[in-house]
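Trainee:
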Amino acid sequence: MSLVESSEESARLRLRRALQRAPLFADLDTHSMTAIERELTPLALPGGAPLFHQGDPSDAVYVVASGCLGVFRHDEDDVAEGGPALIAEITPGNIVGEMALLSRSPHTRSVAALRDSEVWRLSREAFRALTGHHPEVLPALMRNVAMRNAVGPSKRRRQPRTFALLPSGQDVPSGRFSVMLEAALGRIGGQVQVLGQDSQREDPEWFARCEMDSAFVLYRADPGLTPWTQLCLRQADCLVVIRRADSEEPTKLPFEIEAAQPGAVFHRRRELVLLHEGHDPKPGSTAGQLAGGMYGQHHHVRLDLPSDFDRLARLITGHAVGAVMAGGGARAFTHIGVVKALRQSGVPIDQVGGTSMGAIVAAAVAARWTDVELAERFRRSFVAANPLSDYTMPFVSLFGGRRVTRLLRAAFGDMDIEDLILPFYCVTANLTTANADIHTTGKLWRWLRASVSLPGVLPPVNDTGQVHVDGGVIDNLPVRVMRRQGRGLTIAIDIDTGGALAAGAGVDEPWSAWQFFRRLTWKREETLPIPSIVRILLRSALVSSAARSIEDRAAADLLIVPPMEKVDLLDWTSFDVAIEAGYAATMRALDEARTLPIGARIFLN
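In the working numbering, the protein residues as written are 4 to 608.
Quick look at the structure:
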């Protein structure tokens, strides 16, 4: 038997097995099954190739013999978040296209190959002949349609299970990298298979069995665009480009083959790993390596730190833990206590985001400050030296903001957001566009300065003609930003602002400037019975986004709200009280979570 005959016989055998599993054909006798086989024509779909697009006329039913197809939805929200959403998978033995054919309407979804796939086509005419000669297949077909409609599309984002490891050059230690990543994926759970060039001649069914037998599959590609690398690109859910962080070579894009596919329905997730030897990234060294936003995320990984590989494994598989930190003046120091409790309990923090003072604490966490550094550096910057002390003529704001700028530049230097070890974002309110802007690139100190620029208290930050102020004006607890990334669980730390503003019970009229002056000069030990303008402005900013914060709280997987009644919004000296409140509240929340399903997902390490 020749190789061609052998290949055809193998394809027919795969088809027969698929037909026996397909609900449309399972009840047919042998003679009828043989007749159907003669009507089916094979289609070889490379991974990424479309079978049909949304809106195309329906003219056939398709049987999947090997590989895997994906069903994609093109709603406006999905496209706005980066492309069509994968809502279902069609595995061998299943059919697709029958609903549109039965309803005689165009396809309502797009279908494309997620892997190299073998599909057999039954034309409209052959389908009519089948149902005419064998009306008994219709009940089975209708049951299949009804079951799909009852289950409906999955609302959870499908997480990658197969990864193509793409070294960007010959000098990349891809072997060492794959060994470390394999071990990290194994710690998440399940078997991990690593496939190399010796697997190139295997058929799609063999690769499908590898996926069925494993939790994760790593395809070790070649540095160049060889046939094996092309196969890896077609088989993977996620493309991981590996690059030495200190390399001066231009970033190569080995996944450009995807762009060459005509009419592509989707593009695979693309991640960049920057490898470091014994040190963290240098300030300003990352932005130029990101290929103009071609990657979903970039990851700083030290080859000598297994914990970096653990974080990478969680982020690329959807098992990460993200922490979102709200703004709230001096009360935001409670985030330091929360971070300490999470670390002490073994809960990983893989990515962070925040608004206003919460963004500053989140940036310090993303920079990998230790618990001691967090406490000492914030104490030195905010307790020993009040950041709001440089009064100015209030043409734009009460304070000049120079002191805050100096503190932020001293803490983070010339670091870009892209240089942070953990993925990070902060939020500003864009007064020019009336939107909440999410910042994941640019000078870190500058966007932190914008995120704390409370209107009337600190001057706004102007960027390319647009005016940015404190993000708390629009979104003080940006949980949904983290959720949209789809990387895993979200822990939200909100600031309890109850009792943040009050006046004396006997105060009916505003005080005059002379009354304030007398109180500040001769009766300083007494508490002012009406709030200061700074407190009014700060509380006003928090109130304006209170309704949105309620929705964000509901979107979090775990919510922590430390009691803050004893800490004033501007009382920097309550530093230790705020930290202790955050620590205690987090320990209570984690104890409660241990008894819930969420606990099994949070405590990964």
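Built from N, CA and C at the ideal position, the CB exists for glycine as well.
(1) Would you decide whether Ala437 is buried or exposed? Buried here means 16 or more other CB atoms lie within 10 Å of its CB.
(2) Might you give, ordered along the chain, the residues of its own chain that have their beta carbon closer than 6 Å to the beta carbon of Ser113, omitting 5 neighbours on each side?
(3) Could you give the DSSP three-state label for Thr44: helix, strand or coil?
(4) Nearest-angstrom Cα distance between Ala414 and Phe385?
(5) Decide yes or no for the touch test of the segment 58 to 70 against the segment 99 to 110: beta carbon pairs closer than 8 Å, at least 3 of them.
(6) Could you give the first and the last residue of the continuous beta strand (DSSP E) run that contains Cys241?
(7) Looking at the structure shown, is Asp313 part of a helix, part of a strand, or coil, going by DSSP?
(8) Check the Cβ-Cβ distances between Leu54 and every residue of chain C, and say whether any is below 8 Å.
(9) What does DSSP give as the partner residue(s) for His279 in the beta ladder?
(10) Residues in the same chain with beta-carbon distance under 6 Å from Ser106, minus the five sequence neighbours each way, listed in chain order, please.
(11) Consult DSSP for Glu92 and reduce its assignment to one of helix, strand or coil.
(12) Can you give me the C-alpha to C-alpha distance between Ala239 and Arg118, rounded to a whole angstrom?
(13) Unbroken alpha helix (DSSP H) runs of length 4 or more, entirely within the segment 398 to 474: which are they?
(14) Are the segment 269 to 282 and the segment 291 to 301 touching by the rule of at least three beta carbon pairs closer than 8 Å?
(15) Using a Cβ-Cβ cut-off of 6 Å (strictly less than) and excluding sequence neighbours within five positions of Arg24, which residues of its own chain qualify?
(16) Give the DSSP-derived three-state secondary structure of Ser384 in the structure shown.
(17) Would you kindly work out how many angstroms separate the C-alpha atoms of Ser481 and Asp32, rounded to a whole number?
(18) Helix or strand or just coil, what does DSSP make of Gly331?
(19) Among the candidates Val324, Lys343, Ile191, Trp448, whose CA atom is the shortest distance from the CA of Ala559?
(20) Do Ile420 and Val430 have their CB atoms nearer than 8 Å?
(21) On the criterion of 16 or more Cβ atoms from any shown chain inside 10 Å, does Thr589 qualify as buried, or is it exposed?
(22) In the DSSP assignment, what residue or residues form a beta bridge with Thr165?
(23) For the beta strand (DSSP E) that contains Gly491, what are its first and last residues?
(24) Going by the DSSP bridge assignment, what does Glu121 pair with across the sheet?
(25) Does Arg76 come out as helix, strand or coil in the three-state DSSP assignment?
(26) On the three-state DSSP scale, how would you describe Ala596?
(27) Give the range of the beta strand (DSSP E) segment to which Thr358 is assigned.
(28) Starting from Arg116, trace the beta strand (DSSP E) both ways and give me its first and last residue.
(29) Give me, in chain order, the residues of the same chain whose beta-carbon lies closer than 6 Å to that of Gly330; leave out the 5 immediate sequence neighbours on both sides.
(30) May I ask you to report which of helix, strand or coil DSSP gives Arg24?
(31) Since Ala432 contacts Ile363 with CB under 8 Å, what's their CB separation in whole angstroms?
(32) Is Phe210 helix, strand or coil by DSSP?
(33) May I ask you to report which of helix, strand or coil DSSP gives Glu274?
(34) Along the alpha helix (DSSP H) that carries Gln238, what are the first and last residues, could you check?
(35) Taking just the CA atoms, how far does Arg317 sit from Arg247?
(36) Are Ser120 and Ser69 closer than 8 Å when you measure CB to CB?
Mentor: Short version:
(1) exposed
(2) For Ser113, where only same-chain residues beyond five positions count, the Cβ hits under 6 Å are His56, Gln57, Phe75, Val268.
(3) Judged by DSSP in its simplified three-state form, Thr44 adopts strand.
(4) Pairing Ala414 with Phe385, the inter-Cα distance amounts to about 12 Å.
(5) yes
(6) Counting along the chain, the beta strand (DSSP E) containing Cys241 begins and ends at 241 to 247.
(7) Under the three-state reduction of DSSP output, Asp313 falls in the helix class.
(8) In summary, chain C is missing from the structure at hand, where a single protein chain is found.
(9) Arg305
(10) none
(11) strand
(12) Using only the alpha carbons, I get a separation of about 7 Å.
(13) The qualifying runs are 405 to 415, 447 to 454.
(14) yes
(15) Residues of the same chain with a CB within less than 6 Å of the CB of Arg24, apart from the 5 flanking positions on each side, are Gly96 in chain order.
(16) helix
(17) Residue identity differs from the one stated: residue 481 is Pro in this sequence, not Ser. Rounded to the nearest angstrom, the two C-alpha atoms are 59 Å apart.
(18) Gly331 falls in the coil class under three-state DSSP.
(19) Looking at the Cα atoms, Val324 is the closest of the given residues.
(20) no
(21) buried
(22) Val220
(23) 491 to 496
(24) Ala47, Ser69
(25) In the three-state reduction of the DSSP assignment, Arg76 falls in the strand class.
(26) helix
(27) 354 to 358
(28) Looking at the sequence shown, residue 116 is not Arg but Ala. Note, Ala116: beta strand (DSSP E), 113 to 116.
(29) Thr358, Ser359, Met360, Gly361, Gly475, Asn479
(30) helix
(31) About 16 Å separates the two Cβ atoms, so there is no contact after all.
(32) Correct three-state label for Phe210: helix.
(33) strand
(34) 230 to 238
(35) 21 Å
(36) yes
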